[in-house]
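Visitor: Before anything else, here's the structure in question.
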C-alpha cells in the first residue's frame, strides 16, 4: 500500500511535467496543423542552455532559467516563421511538413551532441527536504514542479477564455480562413501561439531535467511516446483534453510500472495511444480544431 | 579494395530498405513510419533460424532457434515480415490516414522495440545476438573472396527486389496506387478499393524491409537494438526524398548519396579528441540539412518521378481536324 501511494505520488509528478509539455504540443498542433516531432528536441535544449548559463557563465539561477526558456521560445518562433511557414505558403503536403519537423529535430539533437557532447549533465532545483502530504512523500523539487504545472494550467485557462488573444487563437484553430475574414491577423496569432507553446516547451524541458536530475541528448526522445499518448488520448488540439490525458497517462503508467515492470510504462502509454486512435480517434475531450490530420501524403 | 566491396554490400542492402520505403511512402503516399520495424524483425528471424538451438556455451539468450541452410532463413524472414506487415496494416490502415497513421505506426514500432529490449531472453534484448552464421563461409577460405561472394548475394537479392519494384510501379496496381495518392475520393469512385491497395503495398514493403534486415544481419553477423530504432527512419526517408520520390532509380541515387557518400565520407573526418561523437553528429546534421534543402530547392528529388506515358489513340477519320 505504501508502495502504491509512493508510485501515485511519483505519477502525479510525471503527470505535471507531461501536462505542461502536452498542452503546448496540442495547441501547436491544433492551431498550426503541424505534427511537430522536433518538440522534444526543443524541450531538451532548455536544460542545456540553463546549464551553460548558470554553471559555465555563472549567471544568477533565476535569470538563467528565464533566459533559457525565452531562448527556446524564440527558437521555436523562428523555426515556425523561417522554416515551416515558407513551406506552408507553398502549399506543401502534410507528409513533407512532418518530415521537415523530423529533420529539424534531428539537426537540433545532433547540434546539441556536437556542442555539449554525449555525457550526462546535472541541474537541480530545491533542497533535499521532503514533505509528506496525506501519506505522499514529495521532495522540494517535486513540489516546485507540481506548483509550476498548476500555475501554468490556470494561466492557460485564463488566457484561452478571458483574453482576445486566447479567443482569436481558438478561432484560428477552428477555421483559419474564416478567422482571417473576420479581421484576425492569423500570422500574428500563429507567431504568438508558437511563442506561447515554445515557452511551455521550454518550461517542460526544464522541469523534466529537474525531475530526473541528470539528462543527456536522448532524454527528450524517450519522452516522445508518453507525450504523444497524452495528446492523442485527450484529443488533438484540445488543451483541456491534454490535461486529462496527461494525468491519466502519468499516473496509470506509474501504476503499471509498479504492477508489471518499470520499463512497461512506455508500453502502457503507447497501447493507450493505439487503442484511442482505433476506437475513439477524437479523444476524450472534443477538440478545438477542425483539422483532419491530413489526407494521403 | 575490400573496403569498396564492403561499401557495395551496404549499398545493396540499404537500397532494399529504401525501395521498401519508396513503395510505401513514395508510390503509395502512406505516412507509414514503421517500416524499420520490419528491418529489425527480419534480421532477428534470420538470426534465430540460422543460429541453431540456444545452449549454455553460446552465452546468448533467445527463444526457439534452428539452423536452416542458406536461403531458407531469409525467405522465412520475408514470410514473417509479410505476415506481420499484414497484421500491422489491418490494425492501422483501416481507419487511419495522415498524421494518425504516422503516429500509430510510430507507436507500434516503439511498442515492439521496447518489448524486445525489455525481455532479454526473447531476442537477446540490449545485448543483441552475435556470431550469426554467414552463408557459405565454410567453403570460402580467404576474407577477400568471401566479401566478393557476399557482394554477389546482396546484388542478386537487390536486383530481384528492384525488378519486382519496377514491375509493381508499372503494373495496373502501381497506377491504382498513384491514383489513390493523388485523389483518394476520385480513385474510390472509379471502383478502386484504397484499403486493399494500401494493404498490398504494406505487405510487399514489409517483406522487402525484412529481407534487407536479414541480409544485414548475415553480413555483419551481429544484431541489436540500435539499427532498427526510431532514429533510423530518418536516413532511409532522406535517401528516398533526395533521390526522387516514387522513382526506383532515384532511390538508388539517393542511397548512394546519403548512406555511402555522406555516411562513409564523414568517417574520414579527422578525429576530435574532446568529443568522440562529433563526426557522427556531423553526418546526421548533413542528412537533416540536405533533406530540408532538397525539399526547398528541388522537391522532386535528383531523378523526378516519371509521368505515365500514354500513346495518343489515332483520331477517327473525319474528326482529326474538327476537335
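Chains as they are written, first to last, in my numbering: chain A, 1 to 297; chain B, 298 to 620.
Backbone N, C-alpha and C define an ideal beta-carbon position, used for all residues, glycine too.
Can you pull out the residues from the stretch 95 to 112 of chain A whose beta carbon lies closer than 9 Å to at least one beta carbon of chain B?
Guide: Residues 95, 96, 98, 99, 100, 102, 103, 104, 105, 106, 107, 108, 109, 110, 111, 112.
Visitor: Just to make sure I have the definition right: I need the residues of chain B whose C-beta is within less than 8 Å of the C-beta of residue 261(A). Which are they?
Guide: For the purposes of this step, residue 261(A) is identified with residue 261 of the first chain, where counting begins at 1. Ordered by position in chain B, the residues that pass the 8 Å Cβ test against residue 261(A) are 415.
Visitor: Is the Cβ-Cβ distance between residue 267(A) and residue 252(A) less than 8 Å?
Guide: By 1-based counting over the first chain, the position of residue 267(A) is 267. By 1-based counting over the first chain, the position of residue 252(A) is 252. Not in contact: residue 267(A) and residue 252(A) (Cβ atoms no closer than 8 Å).
Visitor: Residue 181(A): buried (16+ other C-beta within 10 angstroms of its C-beta) or exposed?
Guide: Residue mapping note: residue 181(A) aligns to position 181 of the first chain, counting from 1. So residue 181(A) counts as exposed.
Visitor: Residues bridged to residue 137(A) by DSSP?
Guide: Taking the first residue of the first chain as position 1, residue 137(A) is located at position 137. Answer is 132(A).
Visitor: Say the cut is 7 Å; is the CB of residue 549(B) nearer than that to a heavy atom of the ligand NAD?
Guide: This structure simply doesn't include the ligand NAD, nor any ligand for that matter.
Visitor: Using 8 Å as the threshold, is the C-beta distance between residue 304(A) and residue 112(A) below it?
Guide: In this structure chain A extends from 1 to 297, so residue 304(A) is not present and cannot be described.
Visitor: In the stretch 386 to 412 of chain B, which residues sit with their C-beta less than 9 Å from some C-beta in chain A, listed in chain order?
Guide: Listed by position, the residues of the stretch 386 to 412 of chain B near chain A (Cβ gap below 9 Å) are 388, 389, 391, 392, 393, 394, 395, 396, 397, 398, 399, 400, 401, 403, 404, 405, 407, 408, 411, 412.
Visitor: Between the Cα of residue 496(B) and the Cα atoms of 432(B), 357(B), 398(B), 342(B), which residue gives the shortest distance?
Guide: For the purposes of this step, residue 496(B) is taken as residue 199 along the second chain, with counting starting at 1. Nearest option by C-alpha distance: 398(B).
Visitor: Residue 222(A) to residue 469(B), Cα distance in whole Å?
Guide: In the first chain, the residue the question calls residue 222(A) occupies position 222. In the second chain, the residue the question calls residue 469(B) occupies position 172. C-alpha separation (whole angstroms): 42 Å.
Visitor: Taking residue 228(A) as the query, report the chain B residues whose CB atoms sit under 8 Å from its CB, ordered along the chain.
Guide: What you label residue 228(A) is simply residue 228 of the first chain in a count that begins at 1. Chain B residues near residue 228(A): 400, 403, 404.
Visitor: Using a cut-off of 9 Å between C-beta atoms, extract the partners of residue 281(A) located in chain B.
Guide: Translated into positions along the first chain, residue 281(A) becomes position 281. Going along chain B in sequence order, the residues near residue 281(A) (Cβ under 9 Å) are 392, 393, 397.
Visitor: Looking only at its own chain, which residues have a Cβ that is under 8 Å from the Cβ of residue 135(A), when we skip the five neighbours before and after it?
Guide: As a working note, residue 135(A) is residue 135 in the first chain. Correct list, in chain order: 2, 5.
Visitor: Report the rounded CA-to-CA distance for residue 344(B) versus residue 236(A), giving the unit in angstroms.
Guide: Translated into the one-based positions of the second chain, residue 344(B) becomes position 47. Translated into the one-based positions of the first chain, residue 236(A) becomes position 236. Computed Cα separation, rounded: 41 Å.
Visitor: Looking at the unbroken alpha helix (DSSP H) that takes in residue 174(A), where does it start and where does it end?
Guide: Taking the first residue of the first chain as position 1, residue 174(A) is located at position 174. Where residue 174(A) is concerned, the enclosing alpha helix (DSSP H) stretches over 164 to 174.
Visitor: What separation, rounded to the nearest whole angstrom, lies between the Cα atoms of residue 201(A) and residue 255(A)?
Guide: Counted from its first residue, the first chain places residue 201(A) at position 201. Counted from its first residue, the first chain places residue 255(A) at position 255. Approximately 26 Å between the Cα atoms of the pair.
Visitor: Does DSSP put residue 438(B) in a helix, a strand or coil?
Guide: Numbered from 1 along the second chain, position 141 holds the residue referred to as residue 438(B). Of the three classes helix, strand and coil, the one that applies to residue 438(B) here is coil, per DSSP.
Visitor: Under 9 Å Cβ-Cβ, which residues of chain B neighbour residue 246(A)?
Guide: For the purposes of this step, residue 246(A) is taken as residue 246 along the first chain, with counting starting at 1. Simply none; closest approach about 17 Å.
Visitor: Rounded to the nearest angstrom, what separates residue 438(B) and residue 310(B) at their Cα positions?
Guide: Along the second chain, one-based indexing puts residue 438(B) at 141. Along the second chain, one-based indexing puts residue 310(B) at 13. Each residue's Cα considered, the two are about 24 Å apart.
Visitor: For residue 454(B), which of helix, strand or coil comes out of DSSP?
Guide: Position 157 of the second chain, counted from the start, is the residue given in the question as residue 454(B). Here residue 454(B) sits in helix by DSSP.
Visitor: Provide the residue span of the alpha helix (DSSP H) that contains residue 361(A), from first to last.
Guide: This structure does not reach residue 361(A), given that chain A is present from 1 up to 297, and the question cannot be answered.
Visitor: In three-state terms, what does DSSP make of residue 214(A)?
Guide: Sequence index remark: in the first chain, residue 214(A) carries index 214 (1-based). Strand.
Visitor: When you compare only the Cα positions, how much space is there between residue 433(B) and residue 367(B)?
Guide: Counting from 1 along the second chain, the entry for residue 433(B) is found at position 136. Counting from 1 along the second chain, the entry for residue 367(B) is found at position 70. For residue 433(B) and residue 367(B), the distance between alpha carbons rounds to 8 Å.
Visitor: Taking a cut of 9 Å between CB atoms, which residues from the stretch 561 to 583 of chain B lie near chain A?
Guide: Per Cβ criterion, the list reads 571, 572, 573, 574, 575, 577, 578, 579, 580, 581, 582.
Visitor: Does chain A have any CB closer than 8 Å to the CB of residue 585(B)?
Guide: Within the second chain, residue 585(B) is the residue found at index 288, counting from 1. Taking Cβ atoms only, chain A reaches closer than 8 Å to residue 585(B), which makes this a yes.
Visitor: Within this structure, are the beta carbons of residue 520(B) and residue 426(B) separated by less than 8 Å?
Guide: Taking the first residue of the second chain as position 1, residue 520(B) is located at position 223. Taking the first residue of the second chain as position 1, residue 426(B) is located at position 129. It is a contact, given that the beta carbons lie within the stated cut-off.
Visitor: Give me whichever residues DSSP pairs with residue 520(B) in a beta bridge.
Guide: Residue numbering aside, residue 520(B) sits at position 223 when the second chain is read from its first letter. DSSP output for residue 520(B) lists 426(B) as bridge partner(s).
Visitor: For residue 122(A), does the three-state DSSP call read helix, strand or coil?
Guide: Looking up residue 122(A) in the first chain gives position 122. Looking at residue 122(A) - three-state DSSP - the assignment turns out to be strand.
Visitor: Quick one: residues in its chain with C-beta nearer than 7 Å to the C-beta of residue 316(B), no 5 flanking neighbours on either side, listed in chain order?
Guide: By one-based count along the second chain, residue 316(B) stands at place 19. Closer than 7 Å at Cβ, skipping near neighbours: 458, 459, 462, 505, 545, 548.
Visitor: Does DSSP classify residue 282(A) as helix, strand or coil?
Guide: Taking the first chain and counting its residues from 1, one reaches residue 282(A) at position 282. Correct three-state label for residue 282(A): coil.
Visitor: Once you ignore the five residues that flank residue 561(B) on each side, which residues in its own chain have a CB closer than 7 Å to its CB?
Guide: Working through the second chain from its first residue, we reach residue 561(B) at position 264. Within the same chain, residue 561(B) has close Cβ partners 304.
Visitor: Would you call the stretch 93 to 101 of chain A and the stretch 203 to 215 of chain A touching, i.e. three or more CB-CB distances under 8 Å?
Guide: Touching, no, given that fewer than three Cβ pairs across the two stretches are closer than 8 Å.
Visitor: By the criterion of Cβ-Cβ separation under 7 Å, what are the contact partners of residue 173(A) in chain B?
Guide: Locating residue 173(A) in the first chain gives position 173, where the first residue counts as 1. Within chain B, no residue comes near residue 173(A); the closest Cβ sits about 15 Å away, beyond 7 Å.
Visitor: Do you know how far the Cα of residue 24(A) is from the Cα of residue 276(A)?
Guide: Along the first chain, one-based indexing puts residue 276(A) at 276. Along the first chain, one-based indexing puts residue 24(A) at 24. Taking the straight line joining both Cα atoms gives about 20 Å.
Visitor: Kindly indicate if chain B contains any beta-carbon less than 8 Å away from that of residue 242(A).
Guide: Counting from one through the first chain, the residue named residue 242(A) turns up at place 242. With 8 Å as the cut-off, residue 242(A) does not count as an interface residue toward chain B.
Visitor: Rounded to the nearest angstrom, what separates residue 556(B) and residue 421(B) at their Cα positions?
Guide: Mapped onto the second chain, residue 556(B) falls at position 259. Mapped onto the second chain, residue 421(B) falls at position 124. Approximately 27 Å between the Cα atoms of the pair.
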